[in-house]
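Colleague: Residue numbers (the numbering used here), protein chains in the order written: chain F, 1 to 116; chain R, 1001 to 1112. Note that the Cβ used here is the ideal one computed from N, Cα and C, for glycine as well. Here you go, one structure.
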Amino acid sequence: AQSVSQHNHHVILSEAASLELGCNYSYGGTVNLFWYVQYPGQHLQLLLKYFSGDPLVKGIKGFEAEFIKSKFSFNLRKPSVQWSDTAEYFCAVKPKVGSGNTPLVFGKGTRLSVIA
Amino acid sequence: NAGVTQTPKFRVLKTGQSMTLLCAQDMNHEYMYWYRQDPGMGLRLIHYSVGEGTTAKGEVPDGYNVSRLKKQNFLLGLESAAPSQTSVYFCASSYTGTDGYTFGSGTRLTVV
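Shown next, in the form of structure tokens:
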């Protein structure tokens, strides 16, 4: 079965620091990749996604992620975090085999706390 | 445009009681999903549906049942609630199943 690993459980950063959250997946075929964000008390919202093409994808609020196929990774980055980025971040993977009938597999999430 | 609506938002149940969580979407999405979110466990798929009249088991289906009688609704039932089912439940939907999901606001369920 596919799995998604987010190695950092909780990351604490000061405002203006750079962010990189790791995501690795275990699946040998082609995949669609996603990052979701969940602000405190809210539902998950799509941050960015990768289907094909340029492996560096840009999302909302200054986030970007890079797909490195050889490393089975899809790390999330932001050059300078703000207090409002405090949230939980989830990586998700969907194998392309099986079209829409294979649900997304989510990682366990990384909680980001940004302090002043 | 309401998106995905979950009712109720909060509920407290006693052990052994039953209840149904309703998820409704107005985006004509084919695919619908029920996840539960627990601290340190991320989101775990309970059941999902790839179209009206279909349901399938996810990662943690035990103790839950679902129905998709209408395309826009996906119901999650707990026949005999247990404290282990205390969780936040999220419904999601997708048009193609391959694009991103749209999530509802969640139902916080406590079983005492």
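Determine the direct distance from the alpha carbon of R/T1020 to that of R/A1081, and round the result to whole angstroms.
Modeller: R/A1081 and R/T1020: Cα-Cα distance of roughly 11 angstroms.
Colleague: Give the interface partners of F/F72 over in chain R, defined as CB-CB distance under 9 angstroms, in chain order.
Modeller: What F/F72 touches in chain R: nothing, since even the nearest Cβ is about 18 angstroms away.
Colleague: Could you check if R/S1094 is buried or exposed, using at least 16 other CB atoms within 10 Å of its CB as the buried criterion?
Modeller: Looking at its Cβ environment, which holds 16 or more other Cβ atoms inside 10 Å, R/S1094 is buried.
Colleague: Could you check if R/E1079 is buried or exposed, using at least 16 other CB atoms within 10 Å of its CB as the buried criterion?
Modeller: Answer is exposed; the Cβ neighbour count stays below 16.
Colleague: Would you say F/H10 reaches chain R, if we count a Cβ-Cβ gap shorter than 8 angstroms as a contact?
Modeller: It does not; no Cβ of chain R falls within 8 angstroms.
Colleague: Taking buried to mean at least 16 other C-beta atoms within 10 Å of its own C-beta, is F/H157 buried or exposed?
Modeller: With chain F running from 1 to 116 in the structure shown, residue 157 of chain F is simply not present.
Colleague: Give the straight-line distance between the Cα atoms of R/K1070 and F/A116, rounded to the nearest whole angstrom.
Modeller: For R/K1070 and F/A116, the distance between alpha carbons rounds to 49 angstroms.
Colleague: Look up R/P1083 in the DSSP assignment and say whether it is helix, strand or coil.
Modeller: In the structure shown, R/P1083 sits in a helix (DSSP, three-state: H, G or I).
Colleague: Out of curiosity, what's the CA-to-CA distance linking R/T1007 and R/T1096?
Modeller: Approximately 24 angstroms, taken between the alpha carbons.
Colleague: What does DSSP give as the partner residues of R/P1039 in its beta bridges?
Modeller: Answer is none; R/P1039 lacks a bridge partner.
Colleague: Mark R/H1047 as exposed unless 16 or more other C-beta atoms lie within 10 angstroms of its C-beta, in which case mark it buried.
Modeller: R/H1047 should be labelled buried.
Colleague: Helix, strand or coil: which one does DSSP assign to F/N101?
Modeller: F/N101: helix per DSSP, three-state reduction.
Colleague: For F/Q6 and F/Y27, which I take to be in contact (beta-carbon distance under 8 angstroms), what is that distance rounded to the nearest angstrom?
Modeller: Going by Cβ atoms, the distance from F/Q6 to F/Y27 rounds to 15 angstroms, so no, they are not a contact pair.
Colleague: Could you pull the start and end residues of the beta strand (DSSP E) that F/R111 belongs to?
Modeller: First-last of the beta strand (DSSP E) with F/R111: T110 to I115.
Colleague: Whose C-beta lies closer than 6 angstroms to the C-beta of R/Y1035 among residues of the same chain, with five residues either side of it excluded?
Modeller: Closer than 6 angstroms at the Cβ level, and outside the excluded window around R/Y1035, lie L1043, L1045 and F1090.
Colleague: Measuring alpha carbon to alpha carbon, tell me which residue in F/S113, F/F106 and F/V114 is nearest R/Q1037.
Modeller: Cα-wise, what sits closest to R/Q1037 is F/F106.
Colleague: Can you tell me which of F/F34, F/H43 and F/D85 puts its alpha carbon nearest to the alpha carbon of R/D1099?
Modeller: Ranking F/F34, F/H43 and F/D85 by Cα distance to R/D1099 puts F/F34 first.
Colleague: Between the C-alpha atoms of F/S18 and F/P40, what's the straight-line distance to the nearest angstrom?
Modeller: If I take the Cα positions, the gap works out to 21 angstroms.
Colleague: If you measure beta-carbon to beta-carbon, which residues of the region 49–66 of chain F are closer than 9 angstroms to chain R?
Modeller: The region 49–66 of chain F vs chain R, Cβ under 9 angstroms: K49 and F51.
Colleague: Going along the chain, which residues of its own chain have a beta-carbon closer than 8 angstroms to the beta-carbon of R/G1053, five neighbours each way excluded?
Modeller: Closer than 8 angstroms at the Cβ level, and outside the excluded window around R/G1053, lie R1068 and L1069.
Colleague: When the Cα atoms are used, what is the spatial distance from F/F63 to R/G1016?
Modeller: Cα to Cα, F/F63 sits roughly 45 angstroms from R/G1016.
Colleague: Any beta carbon of chain F sitting closer than 8 angstroms to that of R/G1097?
Modeller: Yes, R/G1097 lies at the interface with chain F (some Cβ there is under 8 angstroms from its Cβ).
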